[in-house]
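First the structure, in the form of structure tokens, and then the observations on it.
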Amino acid sequence: MSYRIAIVEDDADLRDNYADVFRDQGYEIDTYGDRPSAVAAFTAALPDLAVIDIGLGKEAEGGFALCQWLRERSKSVPIIFLSARDSDLDIVSGLRMGADDYVTKDMSLPHILARIAALFRRIEVLSQPTITPDNEIICGQLRLDEQRFTASWADKKVDLTLTEFWMVHALTLNPGHVKKRQQLMQDAHIYVDDATITSHVKRIRKKFMALDAGFDCIDTVYGMGYRWKAP
Amino acid sequence: MTGSVSVRLLFLLPALLLGLIPITGYLNIQSAVQTLTVENLANHKQKTMILKGFIETEPAFLENPAFLSNKPSLYVNQAMTTGVTLDGRMEEWQSIQPISFGLDQLVQINQPYEPNNLSAEMRIQQTNEHTYLFFNVHDDVVVYREISNISIHRNDHIRLSLLDLNGNFQRYTIATEQPGQVFARVVSTGGRALRPEPRIEGFWRAVDHGYNLEIAIPNDLLDNRLAINIADVDDFNSRDIRYLLGTGYTDAPEGLSYLTRGSQSLSKLFRQLQLDRVAFMDRAGNSLASRNFSGQHSPQIEQAVFVKDQLAGIIKLEVDQATITEYRRSAFQQLAYISVAALLIGFLLCYWLSSKFLNRLRHLGQELEGVVDDQGRVLKAMPESTGSDEISDLSRRFTSITHRLQQYNEYLENLSRRLAHELRTPVSVVRSSLEQLESRVPPEDIRFVERAKNGVARLTNILNSMSEAARLEESLDKDEVSVFELTNVLRGCYEGYDNAFPHQSFELSIETGDLQITGIADLLAQMLDKLVDNAVQFSTDQQPVILRLTCEAETAVLRITNSGPPLPDKMTDQLFDAMISVRDDEQREDSHLGLGLHVARLIADFHGGEILLANREDREGVVVSVRLPLLRLTSKLV
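This is the structure:
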């Protein structure tokens, strides 16, 4: 069965571009130009995944409202924010609304497709009965499930977005080795500048520190990048 | 401050107008004094006219018919002492005006007159009982009477003629055989000496220049007319009279002169009329009556008095200016007090007003100070003034201007971010389209798609750096502040630069121990990246970029030195502003909007530090100095 993706984007050209590319990948695509039409459609039937822009026509924060509304209807529908806004505030807000990932419009289509595929894979894996994962990275108290894209710290689940998961994943592949920012960005399938990496790392640290106040495994190597401190 | 001095001077200028007070006051007083003087003079004149009227209608006030005679009268002084000692000495007579006898007073000449032979002075004074005469006779040869000689006129002698109280004409001669007490002798109409008259006595004193003779005549022998002759005999043998000097003939009543005494009734009249400093002079200039008349004060009013068309005398009145002088003095004193007080108060008032005004201006200046920094950024809102006067109005205008400036600055600051945001979507459209196109164009045309993608990538870079400053300002407000080791950050960054810039060598020298900095280490690293990136871009030769960290007076100082072209002199301050870049076109390998240094400065500001950009002393390169306070908790950081 093919997945149904809803694209809510007020720019017609971009919307159509995404729609075309996603269709080529075999997804079913529904496109909406504003929040009311999206709400109307979602009321009738929920999509399998929603890609939402934050500014929707006249509603500067229409995407946030739609995400909130959608999350109330369904806990499990994956939501990706796709926005021109790249400020920390917007990213944090978007993730708080319950979005699974937040990518900027700078991101190339293959990267976006990788995220969508990863999210669908996670749904598939989660729907299967629990089996002992074979693709698991264990690094001290950290466990990364490469199939489900989930992370846990000291057997407690760490709620990472896809981007964050990939960054942690990249760091822990070679613990103790410095990951340059550029490498980190490639591994996380994102294309953003240094400052955004910094704020991503900040958020990852916070999520770990929420579970363990003494967490200090991610080391900043100033001027170069980050490394996962081997236990 | 110099400006305010001149404003204060302007304020003090009106006070100088108060200087007109003494000037106008002086002029007023002068004119008042003049008016008073004229009035005073007129007043005195009026008084003399009244007096003149009194005398002319009632000549009896003069008590003396002397003015009716053509002969000069003999003025009789009223003796101050009760009696005069007859001793022939001058002492008691010093104060009395003498009547001189000389050529003009010759009564009879038998030989040509020689003043050396004879001249004399006579003084007259009167008590209630006697009339005293004093003769001071200059005679080269004094010839006394010989006892054997019957005649009393063949020697030096003095002749007296008078009318007694009964109106009878009497003649007397005084001669002596030797100096000493003398008596008068009655002389017959024929000129013969008759009996002595012991009531008329005197004293003859021989002196160097001749003789003094002092005579007392009882007032009951003498009415008001008298004639005197001084006879000179110089030849002991012939004993002939050479001259007679005197007031007139002594041998007939016609030769008598009037005695002029003071007038009691005139003095009384002065008192009744309450006249002061007044005198009445007869034709000979003798004072008939006076009251407090000094004769020295000017001005005097003189008024001639006529009786029966003849000059009877002159009224002299001294104009009393003491009251005017006193008025003038006190008026000037008052004026001086008032002027000084007015000037003082005026200056103090002007000074107070100017201080108040200047203080408010200064206050306004202080409020304006620091509202806008060197780059025109509004740092804080200006307090709104609540007053209702012009200065408050000015203050409000400034408030409004800074408010508008702030809005404009905010607009500018948001412009790049909004622009970046707005451009991002169309750029995404282009890029996503290109990505689709990539797989569909024939391989020989793929290069065009590649070029288009390169262009889009550069555009994206530009958009990112445009929003970087805004994003940075957001992250500055978060509470990520901690205390960290600056040397660690520097070392870490330094290690990274070799990888990041493979074609550039670096030198690190840390000339200090641990340096604890309060702030956000990531941001400082970001700042370093910007500065080093900048230094590398401008490095033209193979010289290394030198990072040098020192600690100077509680401040960490990091200097980043590169070799390369010097900065344009005028632009060093502006370089930290957004969108300013001095890169030549050939260096423009990468998209660059001059946002790097702006971001670096934002970070330094956040840490309470500063960045200075200067040319190397040899002008072969540029030094960027970053000064950061150690462990300093700025208000923003707390």
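Going line by line, the protein sequences match chains A and B. Here the first sequence is numbered in my numbering, starting from 2 and rising by one per residue. Here the second sequence is numbered in my numbering, starting from 15 and rising by one per residue. Beta carbons: idealized from backbone N, C-alpha and C, even for Gly.
Task: Integer-rounded CB distance, given that Phe149 of chain B should sit under 8 Å from Ala134 of chain B - done: 6 Å
Task: CB of Asp237 of chain B within 8 Å of CB of Asp296 of chain B, strictly - done: no
- [ ] Could you check which residue in B:Gln420, B:Ser402, B:Asp403 has the C-alpha nearest to that of Met396 of chain B?
- [x] B:Gln420
Task: Chain-ordered neighbours of Asp536 of chain B on chain A, where CB pairs are closer than 7 Å - done: Thr199, Thr221
Open item on the list: Does the contact criterion of 3 or more C-beta pairs under 8 Å hold for the stretch 18-28 of chain B versus the stretch 171-182 of chain A?
Closed with: no
Task: Whether Ala230 of chain B touches His171 of chain B by CB criterion (8 Å) - done: no
Open item on the list: Once the 5 residues before and after Leu616 of chain B are set aside, which same chain residues still bring their CB inside 8 Å of it?
Closed with: Ala483, Leu486, Glu487, Leu490
TODO: Would you mind working out which of B:Asn142, B:Arg173, B:Gly116 sits nearest His152 of chain B, comparing C-alpha positions?
DONE: B:Gly116
- [ ] Give me the Cβ distance between Ile80 of chain A and Ala100 of chain A, rounded to the nearest whole Å; I'm assuming they're in contact under 8 Å.
- [x] 5 Å
Task: Neighbourhood of Arg438 of chain B by C-beta distance below 7 Å, restricted to the same chain and skipping five residues each side - done: Leu477
Open item on the list: Let's test the definition: count the other Cβ atoms within 10 Å of the Cβ of Phe82 of chain A and tell me whether it reaches 16, buried, or not, exposed.
Closed with: buried
- [ ] Give every residue of the same chain whose Cβ lies closer than 7 Å to the Cβ of Asp547 of chain B, excluding the five residues on either side of it in the sequence, and list them in chain order.
- [x] Gly610
Open item on the list: Mapping the DSSP letters down to three states, classify Met480 of chain B as helix, strand or coil.
Closed with: helix
Task: Length of the line joining the Cα atoms of Ser577 of chain B and Val22 of chain A - done: 50 Å
Open item on the list: Assuming contact is defined by CB atoms lying nearer than 8 Å, are Tyr158 of chain B and Glu191 of chain B in contact in what I supplied?
Closed with: yes
Task: Listed by chain order, chain B residues near Lys106 of chain A by CB distance under 8 Å - done: Arg438, Thr439, Val441, Ser442
- [ ] Round the Cβ separation of Lys66 of chain B and Val319 of chain B to the nearest angstrom and send it over; I've been treating them as touching at under 8 Å.
- [x] 5 Å
- [ ] Could you tell me whether any non-hydrogen atom of the ligand SAH is closer than 7 Å to the CB of Val292 of chain B?
- [x] Looking at this structure, you won't find the ligand SAH or any other ligand, since it has none at all.
Open item on the list: Checking 8 Å against the spacing of the C-beta atoms, do Met524 of chain B and Leu545 of chain B come in under that value?
Closed with: It should be noted that the sequence gives Ile, not Met, for residue 524 of chain B. Taking 8 Å as the Cβ cut-off, Ile524 of chain B and Leu545 of chain B do not qualify as a contacting pair.
TODO: Rounded to whole angstroms, what's the CA-CA distance from Thr32 of chain A to Ile113 of chain A? Just pull it up for me.
DONE: 17 Å
Open item on the list: Considering only DSSP beta bridges, list what Arg239 of chain B is partnered with.
Closed with: B:Tyr272
TODO: Can you pull the chain B residues whose beta carbon is under 8 Å from the beta carbon of Tyr19 of chain A, in chain order?
DONE: Ser446
Task: Inter-residue CB distance, Thr164 of chain A and Ala189 of chain A (contact presumed, cutoff 8 Å) - done: 5 Å
- [ ] For my contact list, Leu367 of chain B and Phe25 of chain B are in at a C-beta cut-off of 8 Å; report their separation, rounded to the angstrom.
- [x] 6 Å
TODO: Establish whether the CB of Ala189 of chain A and some CB of chain B are separated by less than 8 Å.
DONE: no
Open item on the list: Distance check for Thr339 of chain B and Asn233 of chain B, CA to CA, integer angstroms please.
Closed with: 47 Å
Open item on the list: So, under 8 Å CB-CB, Val636 of chain B and Leu627 of chain B are touching, yes? Tell me the CB distance rounded to an integer number of Å.
Closed with: 7 Å
Task: Proximity of Leu270 of chain B and Ser175 of chain B at Cβ, strictly below 8 Å - done: yes
Task: Proximity test, Cβ basis, 8 Å: Asn576 of chain B and chain A - done: no
- [ ] Measure from the C-beta of Leu185 of chain A to each C-beta in chain B and report whether the shortest distance is under 8 Å.
- [x] no
Task: Residues near Val52 of chain A by beta carbon distance below 6 Å, same chain, minus five either side - done: Ile8, Ile81, Leu83
Open item on the list: Phe520 of chain B and Leu561 of chain B - do their beta-carbons sit closer together than 8 Å?
Closed with: yes
TODO: Run the CB neighbour count on Ala61 of chain A, radius 10 Å, all protein chains shown included, and call it buried at 16 or more, exposed below.
DONE: exposed
Task: Straight-line Cα distance separating Arg376 of chain B from Val222 of chain A - done: 52 Å
Open item on the list: Please classify Lys106 of chain A as buried or exposed, where buried requires at least 16 neighbouring CB atoms within 10 angstroms.
Closed with: buried
TODO: Would you decide whether Ala241 of chain B is buried or exposed? Buried here means 16 or more other CB atoms lie within 10 Å of its CB.
DONE: buried
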